[in-house]
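Chains as they are written, first to last, in full-length UniProt numbering: chain A, 1 to 328; chain B, 1 to 197. Only one structure is covered here, and it is reproduced in the block below.
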Amino acid sequence: MTPFDYVRADGPDAAVKQVVARPTAAFLGGGTGLIDLMKLYAERHDLLVDVSRLPMDKVEATEKGVRIGANVRNSDLAYHAAIRTRFPVLSEALLSGASPQLRNMATVGGNLMQRTRCPYFRDGHSACNKRVPKSGCAALDGVNRGHAVLGTSDHCIATHPSDLCVALAILDATVRTTGPKGERTIPFADFHRLPGDTPDRETALDHGELITAVDLPALPWATRSHYLKVRDRASYEFALTSAAVALEIADGVIKQARIALGGVGTKPWRAAEAEKALVGKKPTPEAFAAAGDAALAGAVPRQHNAFKIPLAKRTVARALAAAAAMPG
Amino acid sequence: MAPSDDPDRRDFIQGVTAGGLALGLGAATSADPPADVGQPIPMKLTINGQDRELQIEPRVTLLDALREVLHLTGSKKGCDHGQCGACTVLIDGRRVNSCLTLAVAAAGGQVTTIEGLAKGEELHPLQAAFIKHDAFQCGYCTPGQICSAVGLMAEGHAKSDADVRELMSGNICRCGAYPNIVAAVQEVQQLAAKENP
């Protein structure tokens, strides 16, 4: 790591001011992503403002929904009773990610800011438009087995790595922030950006804007929700493909469906067309297979990752079948 | 390293020493980082119940502080990127990767390392069970495995062997002692359950 200063913020507003004052300052949460990337010289900051002890660490569950403080640790959220019963997809997604140690450290806010596992981004020296704008993309014609097939551009095909974010994408989440321009809320769908020709800009946040909470509305149908992750080993690995799904079924007919994919998109990938294709249908294997086809309709493979397209279709179909089999 | 006479620097150090009051830097108006960025700062860590005062750079991880400064070399550096678990320690009873934790960020917490588990000559039950079940070969991952297992038991989510395997997956053993690790953890868990039903 290059040298940096460290301060412990005594409040969100102070933290914002401290980061705003230095262009290369960053907020420090659990550190599981940031410290890793700084050790690789993929990120360099001369000041870390530690926000991990700010009192944004509550899960507040009411009839209207759940407010998740940005500092809630992944493990605490995953095992929270309200999350397990009302939003099982969220708990399952969290527990499928990383290791128990990392989940004890990693915060919800940090998870939203999690950066890609693309090896050309992480190695600190390859051509990477995300790390060094306009330097090129070594992944386009490199080893791209792990890379995205949805939302890619000629400038970046890096996969978004989060599991939690895939679940949040189907739960109508909103992100609460405080920043140099004051407080605001950002719909989750608008939080992560597509790479386009500026893959270095990954989120809607301004420099010095701090995530304070994630809000989930009450979603009665979310009790029938599920996260399925497919990976190279049984545990402690990033997704090749994953699917977060929810189904509202009444009188044997699908009233509402939610589908998002992980491991295949440059951002957490909501599959709205696939959702629409299920409404009014009976929950059958054929309908679920068709939803999988619809979810991957726009997929663009590279040399080594074409296998992800049929794998993701089957991941969607199997996740939907598992959700349909849950008690509603 | 001699303390700087720069007033911002002095305020900053005092701010950290006071345990969270961020002074000085917040008032900085220059966009340029100070030339002396990243200087050693004082911090107080509580390791295995003992307060230790250090003067080290903010970029020093808890793992490096334990091993290189405090000479507690039980915690091991495997990957140094949170992927192997050899550096696992407990902070306030929760298992974490000390290689991804800044030492300064751990100030104020109770850090427990493998050196802090035994009571005098009496091994922690998990240490004894690892020996009994031959739950290691080279031993490099073992301190992390044992600290992780202490955390796992405190969390209380692992019931079956499959649960233990899943919830110990953050600790890699390249000798492949996994079956014996699971047996050791399960024996101590079941004994604890009998004693505290």
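Beta carbons are placed, not taken as given, at the ideal position from N, Cα and C, and that holds for glycine. The model shown is predicted, which means the values in this text are computed figures rather than measured ones.
Measure from the alpha carbon of residue i to the alpha carbon of each residue in the options, then state which is nearest.
{"i": "ALA246(A)", "options": "GLN256(A), GLY252(A), ALA239(A)", "result": "GLN256(A)"}
{"i": "ALA234(A)", "options": "GLN186(B), GLU166(B), LEU191(B)", "result": "GLU166(B)"}
{"i": "GLY170(B)", "options": "LEU150(A), ASN144(A), PRO133(A), LEU95(A)", "result": "LEU95(A)"}
{"i": "GLU115(B)", "options": "GLN186(B), HIS71(B), GLU53(B), LYS44(B)", "result": "HIS71(B)"}
{"i": "GLN110(B)", "options": "ILE56(B), GLU155(B), LYS44(B), CYS87(B)", "result": "LYS44(B)"}
{"i": "LYS281(A)", "options": "GLY252(A), THR159(A), ASP200(A)", "result": "GLY252(A)"}
{"i": "PRO327(A)", "options": "GLY146(A), PRO88(A), ASN144(A)", "result": "PRO88(A)"}
{"i": "GLY262(A)", "options": "THR107(A), GLY31(A), PHE307(A), VAL166(A)", "result": "VAL166(A)"}
{"i": "THR159(A)", "options": "LEU171(A), ARG122(A), VAL72(A)", "result": "ARG122(A)"}
{"i": "GLY109(A)", "options": "SER135(A), PRO180(A), LYS58(A)", "result": "LYS58(A)"}
{"i": "PRO310(A)", "options": "VAL264(A), ALA272(A), VAL72(A)", "result": "VAL264(A)"}
{"i": "ALA319(A)", "options": "SER242(A), ALA250(A), ARG302(A)", "result": "SER242(A)"}
{"i": "VAL69(B)", "options": "CYS173(B), CYS138(B), GLU53(B), GLN190(B)", "result": "GLU53(B)"}
Who are the Cβ neighbours of residue i in its own chain at under 6 Å, not counting the five residues just before and after it?
{"i": "PRO3(B)", "result": "Caution is warranted here: a pLDDT of 40 is assigned to PRO3(B), below 50, making its placement in the model unreliable, and the coordinate value is therefore given only provisionally. Excluding positions up to five away in sequence, the list is empty."}
{"i": "LEU168(A)", "result": "PHE188"}
{"i": "PHE238(A)", "result": "ARG117, PRO161"}
{"i": "ALA118(B)", "result": "HIS124"}
{"i": "SER99(A)", "result": "TYR236"}
{"i": "ILE13(B)", "result": "Per-residue confidence for ILE13(B) stands at a pLDDT of 39, beneath the threshold of 50, marking its modelled position as unreliable; no derived number is given."}
{"i": "LEU62(B)", "result": "SER98, THR101, ALA103, ALA106"}
{"i": "LEU164(A)", "result": "ALA93, LEU94, ASN111"}
{"i": "ALA28(B)", "result": "Unreliable placement is indicated for ALA28(B), whose pLDDT of 42 sits below 50; no coordinate value is reported for it."}
{"i": "PRO126(A)", "result": "The sequence given here has Ser at residue 126(A), not Pro. Within the same chain, SER126(A) has close Cβ partners TYR120, ALA138."}
{"i": "GLU187(B)", "result": "ALA129"}
{"i": "HIS207(A)", "result": "none"}
{"i": "GLU43(A)", "result": "LEU37"}
Assuming residue i and residue j make a contact with CB atoms under 8 Å, what is their CB distance in whole Å?
{"i": "ASP46(A)", "j": "ARG22(A)", "result": "6 Å"}
{"i": "HIS133(B)", "j": "ASN180(B)", "result": "5 Å"}
{"i": "LEU278(A)", "j": "ALA291(A)", "result": "5 Å"}
{"i": "LYS313(A)", "j": "ALA295(A)", "result": "7 Å"}
{"i": "VAL300(A)", "j": "VAL149(A)", "result": "6 Å"}
{"i": "TYR227(A)", "j": "GLY124(A)", "result": "Actually they are not in contact, since the Cβ atoms of TYR227(A) and GLY124(A) sit about 32 Å apart, beyond 8 Å."}
{"i": "CYS156(A)", "j": "PRO220(A)", "result": "No, CYS156(A) and PRO220(A) are not in contact; Cβ-Cβ is about 38 Å, not under 8 Å."}
{"i": "ALA86(B)", "j": "GLY151(B)", "result": "Incorrect: roughly 14 Å between the Cβ atoms, too far for contact."}
Kindly list, in the order they appear in chain A, the residues whose Cβ is closer than 8 Å to that of residue i.
{"i": "GLY170(B)", "result": "ALA98, SER99, PRO100, GLN101, LEU102, TYR236"}
{"i": "HIS124(B)", "result": "None at all; the shortest Cβ gap to chain A is about 18 Å."}
{"i": "THR88(B)", "result": "GLN101"}
{"i": "HIS157(B)", "result": "TYR79"}
Could you name the residues of chain B that residue i contacts, counting a contact when the two beta carbons are closer than 8 Å?
{"i": "residue 330(A)", "result": "It is not possible to answer for residue 330(A), since the shown part of chain A is limited to 1 through 328."}
{"i": "SER52(A)", "result": "ALA105"}
{"i": "LEU28(A)", "result": "LEU102, ALA105"}
{"i": "MET105(A)", "result": "VAL96, ASN97, LEU100, THR101"}
Using a C-beta to C-beta distance shorter than 7 Å, which residues of chain B count as neighbours of residue i?
{"i": "PRO3(A)", "result": "VAL37, GLY38, GLU57, ARG59"}
{"i": "ASP123(A)", "result": "Under the 7 Å cutoff, chain B gives no residues; its nearest Cβ is about 13 Å from ASP123(A)."}
Starting from the C-beta of residue i, find all residues in its chain whose C-beta is less than 7 Å away, skip the five residues before and the five after it, and write them out in chain order.
{"i": "PHE130(B)", "result": "PHE136, THR142, ILE146, ALA184"}
{"i": "ALA61(A)", "result": "ALA82"}
{"i": "ARG184(A)", "result": "THR177"}
{"i": "ARG59(B)", "result": "GLY38"}
{"i": "PHE191(A)", "result": "LEU112, VAL175, THR203, ALA204"}
{"i": "SER91(A)", "result": "ALA78, ILE83, ARG84"}
{"i": "residue 338(A)", "result": "Since the displayed chain A opens at 1 and closes at 328, residue 338(A) lies outside it and no answer follows."}
{"i": "GLN114(A)", "result": "GLY33, PRO161, SER162"}
{"i": "PHE4(A)", "result": "HIS45, ASP46, LEU47, LEU48"}
Run through chain A and tell me which residues come within less than 7 Å of residue i, C-beta to C-beta.
{"i": "GLU166(B)", "result": "SER235"}
{"i": "GLY82(B)", "result": "THR32, ASP36, LEU102"}
{"i": "GLY85(B)", "result": "SER99, GLN101"}
{"i": "residue 199(B)", "result": "Nothing can be reported for residue 199(B): it is not among the residues displayed for chain B, which extend from 1 to 197."}
If I measure Cβ to Cβ from residue i and keep anything under 8 Å in the same chain, skipping five residues before and after, which residues do I get?
{"i": "LYS64(A)", "result": "PRO217, ALA218"}
{"i": "ASP163(B)", "result": "HIS157"}
{"i": "ARG67(B)", "result": "THR73, SER75, LYS77"}
{"i": "LYS39(A)", "result": "MET1"}
{"i": "ASP6(B)", "result": "Low per-residue confidence applies at ASP6(B): pLDDT is 45, beneath 50, and the placement is therefore not dependable, though the value from the model is reported in the following sentence. Cβ neighbours of ASP6(B) beyond the five flanking positions: PRO34, ASP36."}
{"i": "LEU194(A)", "result": "GLY151, SER153, THR266, LYS267"}
{"i": "ALA15(A)", "result": "ALA9, PHE27, VAL49, VAL51, LEU54, LEU210"}
{"i": "PRO285(A)", "result": "ALA317, ALA321"}
{"i": "ALA193(B)", "result": "none"}
{"i": "VAL143(A)", "result": "PRO119, HIS304"}
{"i": "VAL96(B)", "result": "THR88, VAL89, LEU90"}
{"i": "SER135(A)", "result": "ALA127, CYS128, ASN129"}
Do we get a CB-CB distance below 8 Å when we pair residue i with the residues of chain D?
{"i": "ASP57(A)", "result": "Judged by its chain identifiers, the structure shown contains no chain D, and its protein chains are A and B."}
In chain B, which residues lie less than 9 Å from residue i when you measure between Cβ atoms?
{"i": "LYS39(A)", "result": "THR61, ASP80, HIS81, CYS99, LEU100"}
Query - Under 8 Å (Cβ pairs) to chain A, residues found in the stretch 142-155 of chain B - result: SER148, GLY151, LEU152, GLU155
Report task. Compile a chain-ordered list of the residues in the stretch 211-236 of chain A whose CB is closer than 7 Å to at least one CB of chain B. Result -> SER235, TYR236
Query raised in the report: Using a Cβ cut-off of 7 Å, which residues of the stretch 5-20 of chain A contact any Cβ in chain B, in chain order?
Result: ASP5, TYR6, VAL7, ARG8, ALA9, ASP10, ALA14, LYS17, GLN18
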